[in-house]
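J.:
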Amino acid sequence: MSVEGKNMTITTNLKQLYETDDSLWLEETIKLLKQKQLNQLDIENLIEELISLGKRDLAKAKSLLRQIMIHILLLQYWQIEYERNYRHWLGEIKTFRYDLNNHLTTNLMNKLQDDLENIYQSAIDFVQVKTDLTIFPEKCPYTLAELLDDDYLP
Numbered sequence: 756m757s758v759e760g761k762n763m764t765i766t767t768n769l770k771q772l773y774e775t776d777d778s779l780w781l782e783e784t785i786k787l788l789k790q791k792q793l794n795q796l797d798i799e800n801l802i803e804e805l806i807s808l809g810k811r812d813l814a815k816a817k818s819l820l821r822q823i824m825i826h827i828l829l830l831q832y833w834q835i836e837y838e839r840n841y842r843h844w845l846g847e848i849k850t851f852r853y854d855l856n857n858h859l860t861t862n863l864m865n866k867l868q869d870d871l872e873n874i875y876q877s878a879i880d881f882v883q884v885k886t887d888l889t890i891f892p893e894k895c896p897y898t899l900a901e902l903l904d905d906d907y908l909p
C-alpha cells in the first residue's frame, strides 16, 4: 500500500473512532500532532472540536463573571438578607473571581469586555427574580477590571 493510501486509511479509521470513542480519538489525534503527522489527522472533526472548545471556554467565563455580578448585586442591594448572607456572598465572589482569573486568556477577556452589558443584564434578571428588587442601575456600574479585582467591593 502506498504512503498516501496508508494515510487515507488512518484518517478514515480516526473518523470512525470519533463516532465510537471520542476520548481515544483525542488521544490518537494528540499523538499524531506530537509526531507532526498532520496529513493523517481527521481535520473536519478536529476543527469541530476546536470550535466547541472555544465556545465552552467562553460560556464558562461568562458564567463565572455572571456569578460574580450576581453576588456583588446581592451584597450591595439586598439589605434584608445582608446580615444573614453577606459572608456567604463574599465567599462566593472570592471563589468565582479565583476561578475566572485562572481561566482567563487575553482573548476571553476581550470577549467578556465586549459582552459586559449583556452579562450584567442576565445577572440583573436573576437577582430580580430572587429578591423581587427593581432598584438596580440600568447599565453595568462595574468595570471588568473591578469585577476581576480581589480587593474590589462596591
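Counting from 756, one number per residue, gives the positions in the sequence shown under this note's numbering. Note that CB positions come from ideal geometry on N, CA and C, so glycine has one too.
Give the secondary structure of residue 841 by DSSP, where H, G and I count as helix, E and B as strand, and everything else as coil.
T.: Indexing the sequence shown from 1 puts residue 841 at position 86. Correct three-state label for residue 841: helix.
J.: Check whether the region 837-848 and the region 782-790 are in contact - that is, three or more C-beta pairs closer than 8 Å.
T.: Result no; under three Cβ-Cβ pairs closer than 8 Å.
J.: Inspect the CB distances between the region 845-859 and the region 821-834 and report whether three or more fall short of 8 Å.
T.: As far as the Cβ criterion goes, the region 845-859 touches the region 821-834, which means the pair count is three or higher.
J.: Please name the residue, chosen from 887, 826, 842, that lies closest to residue 875 on a Cα-to-Cα basis.
T.: Counted from its first residue, the sequence shown places residue 875 at position 120. When each option's Cα is compared against that of residue 875, the closest is 826.
J.: Are the CB atoms of residue 886 and residue 844 nearer to each other than 7 Å?
T.: In the sequence shown, residue 886 corresponds to position 131, counting from 1. In the sequence shown, residue 844 corresponds to position 89, counting from 1. No, these two residues do not count as a Cβ contact at 7 Å.
J.: Is residue 907 helix, strand or coil by DSSP?
T.: Working through the sequence shown from its first residue, we reach residue 907 at position 152. Residue state, collapsed to three classes: coil.
J.: My output table needs one value for residue 851: the three-state DSSP class, helix, strand or coil.
T.: Position 96 of the sequence shown, counting from 1, holds the residue named residue 851. Note: residue 851 maps to helix in three-state DSSP.
J.: The ligand PLP and residue 851: does the residue's C-beta get closer than 6 Å to at least one heavy atom of that ligand?
T.: Among the components modelled here there is no ligand, and therefore nothing to report on the ligand PLP.
J.: For the alpha helix (DSSP H) containing residue 812, name the first residue and the last one.
T.: Here the question's residue 812 lines up with position 57 in the sequence shown. Run containing residue 812: 798-832, per the alpha helix (DSSP H) assignment.
J.: Are there three or more Cβ pairs, one per stretch, closer than 8 Å when the region 863-880 is compared with the region 798-807?
T.: No contact exists between the region 863-880 and the region 798-807.
J.: Can you tell which of 816, 772, 803, 798 has its C-alpha closest to the C-alpha of residue 858?
T.: Walking along the sequence shown from the start, residue 858 turns up at place 103. Of the candidates 816, 772, 803, 798, the one whose C-alpha sits nearest the C-alpha of residue 858 is 816.
J.: What residues in its chain sit with their C-beta under 8 Å from that of residue 781, if we drop five residues either side in the sequence?
T.: Counting from 1 along the sequence shown, the entry for residue 781 is found at position 26. Correct list, in chain order: 804.
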